[in-house]
Amino acid sequence: MGLYDYTVYNVIQRNARIQKDRVAWISGDEKISHLEFLKRVDSLAFGLLEAGLKHGDRIGVLSQNCMEYVYLYGAAAKIGAVMLPINWRLQLEEVEYVISDGEPKIFFAGSEFQKLAGEIIPKFDFVKNQYAMGPADGYFAAFNGLMENDGVCPEVEVKTDDPYVIIHTAAVAGRQRGATLSHGNLITADMQCMYMWHLTNEDCHLLMLPLFHIAGLSACLSVMQAGGKNIILPKFDADQALQHIHDDKVSIFVEFPPMLTTLLDRNEELKLDISSLRILGGLDSPETVKRYEELSGGVYWTAYGQSETTGFVALAPYFEKPGSAGLPAYMADVEIVDPQGEFVEPGAPGEIVVRGPMVFKGYWNLDKDNEYTFRDGWHHTGDMGRFDEDGYLWYAGRMPEKELIKPGGENVYPSEVEKVILEHPAVMEAAVIGVPDKQWGEAIKAVCVLKQGESLEESELIEFVAARIARFKKPKHVVFVSELPKAEDGSIDRTKVKEACGQD
């Protein structure tokens, strides 16, 4: 490690030295101190090196949240390995693509996904070892075997700018892109959250978002960096979440619809104390935010960010400027530019561009995409927005060529869904759009033209799509029309499709 380097592992070391026996992690009935966490991370790091892992090698993980997952993030930080967390909602072919793109040398699968992983991993010679997270079958070795050692892990030179995690984002042109984040990216982004939210070692974060998602990972590491406590849920469960909020005095979590609405509705029956909540971050409706703040006394923060910006680069209390995405974070340079790359005045729309130490290193193995994304010295987000006179950022959606739908916080490109719909033998044309949805914030709607003489039920097409890509990408609504509006060049006019069919 060089004179100016500081990594996520250094954060773990610092906590062990200062926070010592304070609880750092809660998972099920297990409580782990900062000191014990460091010891287990070191043991796993030694085990990974013994298994042949080296600096820069990728660690593939297909699992729900668990302590083993967190240990892997810590051990990877110590030895300079790169985490490759995989969205467990993806279908087999999509998981296979992420693995082929990231080329992990070692692979970990949760018990729910060992069957799926067992079908894929043998296809790739670059995977040298595979381990179970939880109970193991014959193909996957036991995770504990990597940690049961008395070895002393040698020092590995890890730089602040070294890659630390590759998070695959929504598919573009049929392929997902791996946003490569460094130690410095994560530390900077977490410092911003610590500063804006006044996080301390007294804070307790409830992790309900998956560790393959930047929002879940960043919130978790932000509280860890502050010396606080993280509670791990495998996935969202309203009853468990409310019980932890009540029992462990949870002070912060990040959510996507409909999580908060589900919690508040369920608590009308359970009537547990949620007054410990002081910070919630995410995207939700004004009605839900107001209801939360009145019931808890806490503050809801709205925000804007991407995997490529390591999470939030703009944020503010929701009711400070309702409808906005907040103010630029303290270490984020955020601007709006016109199609020629020139800055625009407040009030004028344009593309949101970002620069600063939280901007990702680039897309894994996609040099041409990186050249385009990083043109003119800025990260071009592909998102449209504007600033108002008070400096608040207002998000206005994706640029036409990068239109994105966000059901429940997930990212879905219309072109990816359209490609699958057009594989159905009865469909001649299709346009996929996002429509407002009370439960999920936004839902996917497919507007289709059938081939002459063909018939198709809405439910049939939905299941056809769900069988081929991740289920969160399937349309919630399908409508059949006689024709789709066209632009002058003959392409489908999405604006007119939205005008005609943009309601749920």
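Here the sequence shown stands for residues 8 to 511, numbered as in the numbering used here. All residues carry an ideal CB built from backbone N, CA and C; glycine is no exception.
Mapping the DSSP letters down to three states, classify residue 275 as helix, strand or coil.
Locating residue 275 in the sequence shown gives position 268, counting from the first residue. DSSP, reduced to helix, strand and coil, places residue 275 within a helical segment of the structure shown.
Among 138, 97 and 101, which has the Cα closest to the Cα of residue 112?
What you label residue 112 is simply residue 105 of the sequence shown in a count that begins at 1. Checking every option, the nearest Cα to that of residue 112 belongs to 138.
Ignoring anything shorter than 4 residues, give me the alpha helix (DSSP H) runs that lie fully in the segment 404 to 474, in order along the chain.
Segments of the alpha helix (DSSP H) lying fully in the segment 404 to 474: 421 to 428 and 465 to 473.
Cutoff 7 Å; reference residue 473; Cβ partners in own chain excluding five residues on either side:
In the sequence shown, counting from the first residue as 1, residue 473 sits at position 466. Hits under 7 Å: 481.
DSSP state of residue 170, grouped into three classes?
For this step, residue 170 is matched to residue 163 along the sequence shown. Three-state result, residue 170: strand.
Decide yes or no for the touch test of the segment 450 to 457 against the segment 206 to 214: beta carbon pairs closer than 8 Å, at least 3 of them.
They do not touch, by the three-pair rule.
Bounding residues of the beta strand (DSSP E) (the contiguous stretch that carries residue 260):
As a working mapping, residue 260 is identified with position 253 in the sequence shown. Its beta strand (DSSP E) spans residues 259 to 262.
With contact counted as at least three CB pairs below 8 Å, one residue from each stretch, are the segment 237 to 253 and the segment 267 to 278 in contact?
yes
Which whole-angstrom value is the C-beta distance of residue 271 and residue 298, which I expect to be below 8 Å?
For this step, residue 271 is matched to residue 264 along the sequence shown. For this step, residue 298 is matched to residue 291 along the sequence shown. Confirmed, Cβ separation roughly 6 Å.
Whose C-alpha, out of 307, 164 and 499, is nearest the C-alpha of residue 322?
Position 315 of the sequence shown, counted from the first residue, corresponds to residue 322. Closest option to residue 322, Cα to Cα, is 307.
Just tell me which of 463, 447 and 406 has its CA closest to the CA of residue 434.
Indexing the sequence shown from 1 puts residue 434 at position 427. Comparing Cα positions, the closest option is 463.
So what does DSSP say about residue 205, is it helix, strand or coil?
Counted from its first residue, the sequence shown places residue 205 at position 198. Three-state DSSP puts residue 205 in coil, outside helix and strand.
Please report the straight-line C-alpha distance between residue 513 and residue 171, rounded to a whole angstrom.
Coverage of the chain is limited to positions 8 through 511, which leaves residue 513 absent and any answer about it impossible.
Classify residue 254 as buried or exposed, calling it buried when 16 or more other Cβ atoms lie within 10 Å of its own Cβ.
Here the question's residue 254 lines up with position 247 in the sequence shown. Exposed: under 16 other Cβ atoms inside 10 Å.
Candidates 398, 388 and 376: which alpha carbon is nearest residue 327's?
Here residue 327 is taken as the residue at index 320 of the sequence shown, counted from 1. Cα-wise, what sits closest to residue 327 is 398.
Take the Cβ of residue 184 as the centre, count every other Cβ of all protein chains shown within 10 Å, and call the residue buried at 16 or more, exposed below.
Within the sequence shown, numbered from 1, the residue matching residue 184 stands at position 177. The residue is buried, with at least 16 neighbouring Cβ atoms inside 10 Å.
Distance check for residue 149 and residue 175, CA to CA, integer angstroms please.
Against the sequence shown, residue 175 aligns to sequence position 168. Against the sequence shown, residue 149 aligns to sequence position 142. A straight line joining the alpha-carbon of residue 175 with that of residue 149 spans about 27 Å.
Have a look at the DSSP bridge pairing and note the partners of residue 148.
Within the sequence shown, the letter at position 141 stands for residue 148. The partner list for residue 148 (beta bridge, DSSP) reads 138.
Do the CB positions of residue 261 and residue 226 come within less than 7 Å of each other?
Numbered from its first residue, the sequence shown carries residue 261 at position 254. Numbered from its first residue, the sequence shown carries residue 226 at position 219. Going by C-beta atoms, residue 261 is nearer than 7 Å to residue 226.
State the start and end residues of the unbroken alpha helix (DSSP H) segment that holds residue 18.
As a working mapping, residue 18 is identified with position 11 in the sequence shown. From DSSP, the alpha helix (DSSP H) with residue 18 extends over 15 to 25.
Which residue from 432, 147 and 502 puts its Cα closest to that of residue 440?
The sequence position of residue 440 within the sequence shown is 433, counting from 1. Ranking 432, 147 and 502 by Cα distance to residue 440 puts 502 first.
Which one or two residues does DSSP pair with residue 40 in a beta bridge?
In the sequence shown, counting from the first residue as 1, residue 40 sits at position 33. BP columns for residue 40 point to 30.
Inter-residue Cα distance where the pair is residue 403 and residue 390:
Along the sequence shown, read from residue 1 onward, the residue named residue 403 stands at position 396. Along the sequence shown, read from residue 1 onward, the residue named residue 390 stands at position 383. Their backbone Cα atoms lie some 7 Å apart in a straight line.
Throw me the rounded Cβ distance for the residue 96 and residue 479 pair, which I believe falls under 8 Å.
Here the question's residue 96 lines up with position 89 in the sequence shown. Here the question's residue 479 lines up with position 472 in the sequence shown. That belief holds up - the Cβ atoms of residue 96 and residue 479 are roughly 5 Å apart, short of 8 Å.
Buried or exposed: where does residue 350 fall if 16 or more other Cβ atoms within 10 Å of its Cβ makes it buried?
Taking the sequence shown and counting its residues from 1, one reaches residue 350 at position 343. So residue 350 ends up on the exposed side.
By the three-class DSSP mapping on this structure, what secondary structure does residue 238 have?
Here the question's residue 238 lines up with position 231 in the sequence shown. Looking at residue 238 - three-state DSSP - the assignment turns out to be strand.
Tell me whether residue 202 is buried or exposed, calling it buried when 16 or more other Cβ atoms sit within 10 Å of its Cβ.
Here residue 202 refers to the residue found at position 195 when the sequence shown is read from its first residue. Result: exposed.
Use the C-beta contact count for residue 475: other C-beta atoms within 10 angstroms, 16 or more gives buried, fewer gives exposed.
Numbered from its first residue, the sequence shown carries residue 475 at position 468. Residue 475 counts as buried, since at least 16 other C-beta atoms from the protein chains shown sit within 10 angstroms of its C-beta.
Cα-Cα separation between residue 231 and residue 506, rounded to whole angstroms
Locating residue 231 in the sequence shown gives position 224, where the first residue counts as 1. Locating residue 506 in the sequence shown gives position 499, where the first residue counts as 1. Residue 231 and residue 506 have their C-alpha atoms roughly 46 Å apart.
Which residue comes first and which comes last in the alpha helix (DSSP H) that contains residue 92?
Indexing the sequence shown from 1 puts residue 92 at position 85. Not the alpha helix (DSSP H): residue 92 falls in the beta strand (DSSP E), residues 89 to 92.
Using a Cβ-Cβ cut-off of 6 Å (strictly less than) and excluding sequence neighbours within five positions of residue 357, which residues of its own chain qualify?
Locating residue 357 in the sequence shown gives position 350, counting from the first residue. For residue 357, where only same-chain residues beyond five positions count, the Cβ hits under 6 Å are 343, 344, 345 and 351.
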